[in-house]
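Asks: So that you can map any letter, position 270 of the sequence shown is 261 in this note's numbering, and since no number is skipped, the others follow by simple counting.
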Amino acid sequence: MRILVTGSAGFVGSHLVERLLDEGHYVIGVDNYISGQRSNTELFLSHISFSFIEADVSQGIPYTGEPLDWVMHFASPASPPHYQEFPIETLMVGAQGTQNGLELALVHNASFFLASTSEVYGDPQMHPQPETYWGNVNPIGVRSCYDEAKRYAEAITMAYHRKRGVNTRIIRIFNTYGPRMRPDDGRVVTNFIHQALEGKSLTVYGDGSQTRSFQYVDDLIEGIVRLMKVNYHEPINLGNPNEFTVLEFAELVKNQINPELEIVFESITQDDPKRRKPDIGLAQRLLKWTPKTLAIYGIKNLYNNIKDI
Ligand code: NAD
Ligand code: UDP
C-alpha cells in the first residue's frame, strides 16, 4: 500500500514508519520538525520505499503523487512542555491539520487514521477509563490546547466518516515510551531516564501520588497495525493498564538503573490529571491485542538503548 504518515519525524511516527516499511508498504513521511527530530527522518532516507515532505500540515499537505491507500495523522506536539510552548500550533494541527488529512483521504478515496489521546478524558472521574466515558476537561486550562484539539479532531473525523463516507479509525493512546523520544521532551519517562543517565536526582512533581499507566512503543505499533485491518470507526484505547503512582515509577527507575539516585519533589503543573489507566477490553476483543512489555523490562531496554548511543 501507499501510506502517508504525518508526524513521521516524531517518536511514535518514526516507529510506525519503520513497521510499515518492514511490511513492504511505500511510505511518505510529512513533518515540520516542531517537536520532531531530523535524525528520525534520516533513518529512512536511503530506503527505496520512503520519501519525505517537509511541511506544516496545518497549512495543507502538499502531496501530488500516486493514489494513497491511507493517510495516518500522527502530527502534533505531545509532550506537555512542548504543547504548552506552542498552544496555537497545537490547536491548529488538531483542527486544520486533521481536516487537511481528511480532505486528502477523501480525494484519494483512502482510509484515514487519527492518533488521539487519553487526554480527551482530562482529569477523569471514572477509573479506569473506557471509551464510553466522555471526559472531564478544563476547556481554558494550560492543557486545553492539546485536549480540546484532540477532542475536535475526533469530532471532525467522525463527521467525515458519517457525512462523507471516509473509512476512518481513531485510537486514544495512553502514555507511551521507547527509543527515539527527544532527550529534552520533558515527559516523565525521558526526564527520569536522562536524569538517571547523568546521575541526577529524579524530579517528581507534586507528592507523586498521581498515577499513569506506561506502554512500550512496540505494543502500541502492534495495536495500530491490527486496527488498520479491522473495520471499526469509533475510538479505541491503546495503552498498558499496568498503573503506577509517579513516585512508584521513580522508585522503579531507581531500582532498575541506579539505587543510589535521589528523588526530589517539585511543584506540580496546573490540571495535571490525578489518575489514568486504560480499560482495554474493547481492543482485546476487537483486535485480539494485549500489551506484552512490562514496565520493568521496557525501562531497562530503553535505558540500555540510550546508553549505547
Ligand atoms: P512527537 O512530538 O515526538 O511527534 C509529533 C511529530 O509531529 C513531531 O515530529 C512534530 O514535528 C510533528 N508535527 C507537529 N505539528 C506538525 C505540523 N503542523 N505539521 C507537520 N508536522 C508536525 O510526539 P509523539 O509522542 O510521537 O506523538 C505522536 C502522536 O501520538 C501525536 O499526535 C500525539 O498526540 C499522539 N499521542 C502520543 C502519546 C505518547 O505517549 N507518546 C500519547 C497520546 C497521544
Ligand atoms: N512528571 C514528574 N516529573 C517529571 C515529569 C513529569 O513527576 O520530571 C509527572 C507529571 O506531573 C505527570 C506524570 O509525571 O503527573 C506524567 O507526565 P508526562 O509529562 O509524561 O505526561 P502526561 O501524562 O502528564 O501528559
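Every residue, glycine too, gets a C-beta built ideally from N, C-alpha and C. Bear in mind the structure is a predicted one, so any value in this text is a computation, not a measurement.
Take the Cβ of residue 127 as the centre, count every other Cβ of all protein chains shown within 10 Å, and call the residue buried at 16 or more, exposed below.
Replies: Exposed, since its Cβ has fewer than 16 Cβ neighbours within 10 Å.
Asks: Three-state secondary structure (DSSP) at residue 190?
Replies: coil
Asks: Measuring alpha carbon to alpha carbon, tell me which residue in 116, 197, 253 and 66 is nearest residue 82.
Replies: Of the candidates 116, 197, 253 and 66, the residue whose Cα lies closest to the Cα of residue 82 is 66.
Asks: What are the start and end residues of each continuous beta strand (DSSP E) run of 3 or more residues lying completely inside the region 164 to 236, in chain order?
Replies: 193 to 196, 202 to 204, 227 to 229 and 234 to 236
Asks: Taking only the alpha-carbon atoms, compute the straight-line gap between residue 16 and residue 41 and give it to the nearest angstrom.
Replies: 9 angstroms
Asks: Among the residues of its own chain, which have a CB less than 6 angstroms from the CB of residue 177, if the five just before and after it don't count?
Replies: 70 and 72
Asks: Where do the ends of the beta strand (DSSP E) carrying residue 148 lie?
Replies: Looking at the DSSP string, residue 148 is not in any beta strand (DSSP E); the run it does join, the alpha helix (DSSP H), is 135 to 155.
Asks: At a cut-off of 7 angstroms, would you count residue 66 as near the ligand NAD, judging by its Cβ distance to the nearest heavy atom?
Replies: yes
Asks: Quick one: grab the DSSP three-state call for residue 22.
Replies: strand
Asks: Can you have a look at residue 299 and say buried or exposed, based on whether 16 or more other CB atoms are within 10 angstroms of its CB?
Replies: exposed
Asks: How many angstroms separate the CA atom of residue 147 from the CA atom of residue 201?
Replies: The straight-line gap from Cα to Cα measures roughly 31 angstroms.
Asks: Can residue 99 and residue 53 be called in contact, C-beta distance under 8 angstroms?
Replies: Contact flag unset, no.
Asks: Determine the DSSP secondary structure at residue 127, reduced to helix, strand or coil.
Replies: It is a strand residue.
Asks: First and last residue of the alpha helix (DSSP H) that includes residue 2?
Replies: 2 to 13
Asks: Among 297, 39 and 263, which residue has its Cα nearest to the Cα of residue 113?
Replies: Relative to the Cα of residue 113, the nearest Cα in the group 297, 39 and 263 belongs to 263.
Asks: Would you identify the three-state DSSP class for residue 160, choosing helix, strand or coil?
Replies: Note: residue 160 maps to strand in three-state DSSP.
Asks: Can you check whether the CB of residue 103 is closer than 8 angstroms to the CB of residue 92?
Replies: yes
Asks: Can you tell me where the alpha helix (DSSP H) with residue 257 in it begins and where it stops?
Replies: Taken as a continuous stretch (DSSP letters only), residue 257 belongs to no alpha helix (DSSP H), being part of the beta strand (DSSP E) at 254 to 257.
Asks: What would DSSP say about residue 240, mapped onto helix, strand or coil?
Replies: helix
Asks: Check whether the Cβ of residue 8 sits closer than 7 angstroms to any heavy atom of the ligand UDP, and report yes or no.
Replies: no
Asks: Say the cut is 7 angstroms; is the CB of residue 112 nearer than that to a heavy atom of the ligand UDP?
Replies: No, the beta carbon of residue 112 sits no closer than 7 angstroms to any heavy atom of the ligand UDP.
Asks: Of all the options 290, 10 and 75, which has the alpha carbon lying nearest to the alpha carbon of residue 140?
Replies: Nearest option by C-alpha distance: 75.
Asks: Bridge partners of residue 102, per DSSP?
Replies: Answer is 61, bridged to residue 102.
Asks: Is the beta carbon of residue 206 closer than 8 angstroms to that of residue 310?
Replies: Residue 310 lies beyond the stretch modelled for the chain, which goes from -8 to 300, so this question has no answer here.
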